[in-house]
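The listed protein sequences correspond, in order, to chains U and F.
Quick note on numbering: the first sequence equals residues 9 to 240 in this note's numbering.
Quick note on numbering: the second sequence equals residues 9 to 240 in this note's numbering.
The beta-carbon is built from N, C-alpha and C at its ideal position, and this holds for glycine as well.
Quick caveat, the model's predicted, so the values are computed rather than measured.
2 protein chains.
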Amino acid sequence: MKAYALLGGPKAEWPEDIVEIFKSAKNQHDLLVGVDRGSILLQELGFIPDLAIGDFDSLKTQELAKVEHLVKDVRYSNPIKDYTDSEQMLEVVFDEYRVSSLMILGATGGRMDHLLLNLMMLLNPKFKPYAEKVEFLDKQNLIKYYASGKHFIPYQPYKYFGLGWFPEIKELTIRGARYDIANYNCDYPKVFSSNEFLPRSEGFELSFSSSGLVCLILARDIDRYYHIVNKN
Amino acid sequence: MKAYALLGGPKAEWPEDIVEIFKSAKNQHDLLVGVDRGSILLQELGFIPDLAIGDFDSLKTQELAKVEHLVKDVRYSNPIKDYTDSEQMLEVVFDEYRVSSLMILGATGGRMDHLLLNLMMLLNPKFKPYAEKVEFLDKQNLIKYYASGKHFIPYQPYKYFGLGWFPEIKELTIRGARYDIANYNCDYPKVFSSNEFLPRSEGFELSFSSSGLVCLILARDIDRYYHIVNKN
Numbered sequence: 009m010k011a012y013a014l015l016g017g018p019k020a021e022w023p024e025d026i027v028e029i030f031k032s033a034k035n036q037h038d039l040l041v042g043v044d045r046g047s048i049l050l051q052e053l054g055f056i057p058d059l060a061i062g063d064f065d066s067l068k069t070q071e072l073a074k075v076e077h078l079v080k081d082v083r084y085s086n087p088i089k090d091y092t093d094s095e096q097m098l099e100v101v102f103d104e105y106r107v108s109s110l111m112i113l114g115a116t117g118g119r120m121d122h123l124l125l126n127l128m129m130l131l132n133p134k135f136k137p138y139a140e141k142v143e144f145l146d147k148q149n150l151i152k153y154y155a156s157g158k159h160f161i162p163y164q165p166y167k168y169f170g171l172g173w174f175p176e177i178k179e180l181t182i183r184g185a186r187y188d189i190a191n192y193n194c195d196y197p198k199v200f201s202s203n204e205f206l207p208r209s210e211g212f213e214l215s216f217s218s219s220g221l222v223c224l225i226l227a228r229d230i231d232r233y234y235h236i237v238n239k240n
Numbered sequence: 009m010k011a012y013a014l015l016g017g018p019k020a021e022w023p024e025d026i027v028e029i030f031k032s033a034k035n036q037h038d039l040l041v042g043v044d045r046g047s048i049l050l051q052e053l054g055f056i057p058d059l060a061i062g063d064f065d066s067l068k069t070q071e072l073a074k075v076e077h078l079v080k081d082v083r084y085s086n087p088i089k090d091y092t093d094s095e096q097m098l099e100v101v102f103d104e105y106r107v108s109s110l111m112i113l114g115a116t117g118g119r120m121d122h123l124l125l126n127l128m129m130l131l132n133p134k135f136k137p138y139a140e141k142v143e144f145l146d147k148q149n150l151i152k153y154y155a156s157g158k159h160f161i162p163y164q165p166y167k168y169f170g171l172g173w174f175p176e177i178k179e180l181t182i183r184g185a186r187y188d189i190a191n192y193n194c195d196y197p198k199v200f201s202s203n204e205f206l207p208r209s210e211g212f213e214l215s216f217s218s219s220g221l222v223c224l225i226l227a228r229d230i231d232r233y234y235h236i237v238n239k240n
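Here it is in structure tokens:
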């Protein structure tokens, strides 16, 4: 069983096919998770979460009552706490529900303290074993994590990719991409952006060692963005 | 002299008063910088950049000709390069123009490889000495950087703040905020979100030591977000 979680980030950043994503997940009997306001947003999209997690402080009393009435498994987090809602979600879906993977939506846009917290939480040694099973998806980006070793990154329909390492990297080698690199070392967190899959390639090879993780950001431009620009 | 730079990120994330920001900068004879597509976007807002930097690969021939005609100082970066456009901008404005501070706009939204690169570039030892002079601003967030030491963070009109450290932190102490903390240590990059200024406080005290930087994210919710939600 996989898990699909919706957080409370702005709808403008959601993937355009978000309804199809949750519909397909439901048909596969995967776990639908609403985190805080994401619990209401999922219902607005037509889906009742299997699991709702949060302190729910952004919900009106009536909205929370609806969540409590409809959702089988509701977990209340404490606003003064060691774990955030997202971190508690990682713990519940992997340790209790034993899901094989987790796709997180609604994590981008809006408040940057939330975004950065979510992107960095997998570096916590408690959560790092789950990192390679977690993805973040929005309308322009798919973010994945890799631990030390050799990886083949299969082609995916994104024009660009970037790689960031937290906190350091040794012997980074990329082979088979537009900009290859061999045995690169860097002792502070850094991001390489705007690399590309080669035309008609099946993917590229990535290898490195790190005490932390490498974050792979698959990204595309959006035509709509240029339309907005050109309107002016 | 201060510098104000516009990058190519989507307009939807710009601060609402972006025209007033650049107008005030121009009146103060501060340096207006357009980075790649930001050079055209600044002109669309009614401002001719003093400095334009980029490989300009996102510009049409006609747009680039306009930049070359109107902008006094145009710097061409190489797409296959050690420095990105943003990094070259840091070097030019601080080393050559000797500006006292730099506010970066248009860095958020859109492609996450760009966003993360921009947020992490100040960790490069070459740029770290400038870190406390650099700010990122968008419609919901103001991001600043602090190096090891004691700092007083004055109240600013943002409801929330988060703190992230890259790559590690020692003896983190926050005094005078909603959630205080004393002598906290963490040996991997992490973000604390959703802290708050105390009501009627003048600010809070922050102290820590780190081989890298602390990133302070001042953040607010936006009503419009909830309007979008409630429309459904």
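Worksheet item: Taking 7 Å as the CB-CB limit, is V27(F) close to chain U?
Response: no
Discussion item. As a quick exercise: from E213(F), N193(F), M97(F), K178(F), pick the residue whose alpha carbon is nearest that of R186(F).
Written reply: E213(F)
Practice prompt. Spell out the partners DSSP gives S109(F) in its beta bridges.
Written response: K10(F)
Discussion item. So R228(F) and K167(F) are supposed to be a Cβ contact under 8 Å. How far apart are they, rounded?
Written reply: 5 Å
Worksheet item: Candidates F174(F), K158(F), D90(F): which alpha carbon is nearest P197(F)'s?
Response: F174(F)
Worksheet item: How far does the beta strand (DSSP E) with T181(F) in it reach, from first residue to last?
Response: 177-183
Fill in: Through-space distance from L150(F) to N126(F), alpha-carbon basis
14 Å
Discussion item. Please classify D65(F) as buried or exposed, where buried requires at least 16 neighbouring CB atoms within 10 angstroms.
Written reply: exposed
Worksheet item: Which residues in the same chain as E143(F) place their Cβ atom closer than 8 Å to its Cβ, once the five residues preceding and following it in sequence are excluded?
Response: S109, L110, M111, I112, L150, I151, K152
Worksheet item: Would you report the Cα separation of P57(U) and T92(U), rounded to the nearest angstrom?
Response: 19 Å
Worksheet item: Listed in chain order, which residues of the stretch 187-199 of chain F have Cβ atoms closer than 8 Å to some Cβ of chain U?
Response: Y187, Y196, P197, K198, V199
Worksheet item: What are the residues of the stretch 50-79 of chain F that lie near chain U, defined by any Cβ-Cβ distance shorter than 9 Å?
Response: E52, L53, S66
Worksheet item: By the criterion of Cβ-Cβ separation under 7 Å, what are the contact partners of S201(F) in chain U?
Response: T92, D121, H122, L125
Item to complete: Would you mind telling me which residues of chain U sit closer than 8 Å to T116(F), beta carbon to beta carbon, in chain order?
Response: M120
Fill in: Three-state secondary structure (DSSP) of H37(U)
coil
Practice prompt. Find the residues of chain F that neighbour Q148(U), judging by a C-beta separation of less than 8 Å, and give them in chain order.
Written response: G118, R119, M120
Worksheet entry | Spatial neighbours of E24(F) in its chain, beta-carbon cut-off 8 Å, leaving aside the 5 residues before and after | K147
Worksheet item: Which one of V107(U), C223(U), Y154(U), G170(U) has the shortest CA to CA distance from H37(U)?
Response: V107(U)
Discussion item. Can you look up G46(F) in the DSSP assignment and give me helix, strand or coil?
Written reply: helix
Discussion item. Any beta carbon of chain U sitting closer than 7 Å to that of M9(F)?
Written reply: no
Worksheet item: Shorter than 7 Å from the beta carbon of F174(U) to some beta carbon of chain F?
Response: yes
Worksheet item: Does the beta carbon of K239(U) come closer than 7 Å to any beta carbon on chain F?
Response: Any reading at K239(U) needs caution, since the residue's pLDDT is 36, under 50, leaving its predicted position unreliable; the model's value is listed next. K239(U) does not count as touching chain F.
Worksheet item: Is the CB-CB distance between Q96(U) and I48(U) below 7 Å?
Response: no
Practice prompt. Run the proximity test for I230(F): is its beta-carbon closer than 6 Å to any non-hydrogen atom belonging to the ligand MG?
Written response: Absence of the ligand MG is noted for the structure shown, with no ligands found whatsoever.
Discussion item. Check for me: the beta strand (DSSP E) holding V199(F) runs from which residue to which?
Written reply: 198-204
Fill in: Boundaries of the alpha helix (DSSP H) in which L124(U) is found, first to last residue
120-128
Worksheet item: Do you know whose CA, among D121(F), F135(F), E52(F), lies nearest V222(U)'s CA?
Response: D121(F)
Discussion item. At the level of alpha carbons, what is the spacing between N35(F) and L145(U)?
Written reply: 42 Å
Fill in: Separation of G114(F) from K11(F), as counted between CA atoms
The amino acid occupying residue 11(F) in the given sequence is Ala; Lys does not appear at that position. Cα-Cα distance, rounded: 14 Å.
Worksheet item: How should F200(U) be labelled, buried or exposed, when 16 other C-beta atoms within 10 angstroms of its C-beta is the threshold for buried?
Response: buried
Discussion item. Rounding to the nearest angstrom, what Cα-Cα distance links V100(U) and K74(F) in this structure?
Written reply: 56 Å
Worksheet item: Could you give the residue range of the beta strand (DSSP E) that holds V101(U)?
Response: Counting along the chain, V101(U) falls outside any beta strand (DSSP E), and DSSP gives it neither H nor E.
Worksheet item: At a CB-CB cut-off below 7 Å, which residues of chain U make contact with I225(F)?
Response: M120, D121, L124
Item to complete: Could you check if N203(U) is buried or exposed, using at least 16 other CB atoms within 10 Å of its CB as the buried criterion?
Response: buried
Fill in: Cβ-based contacts, 8 Å cut-off: residues of the stretch 156-168 of chain F near chain U
Y168
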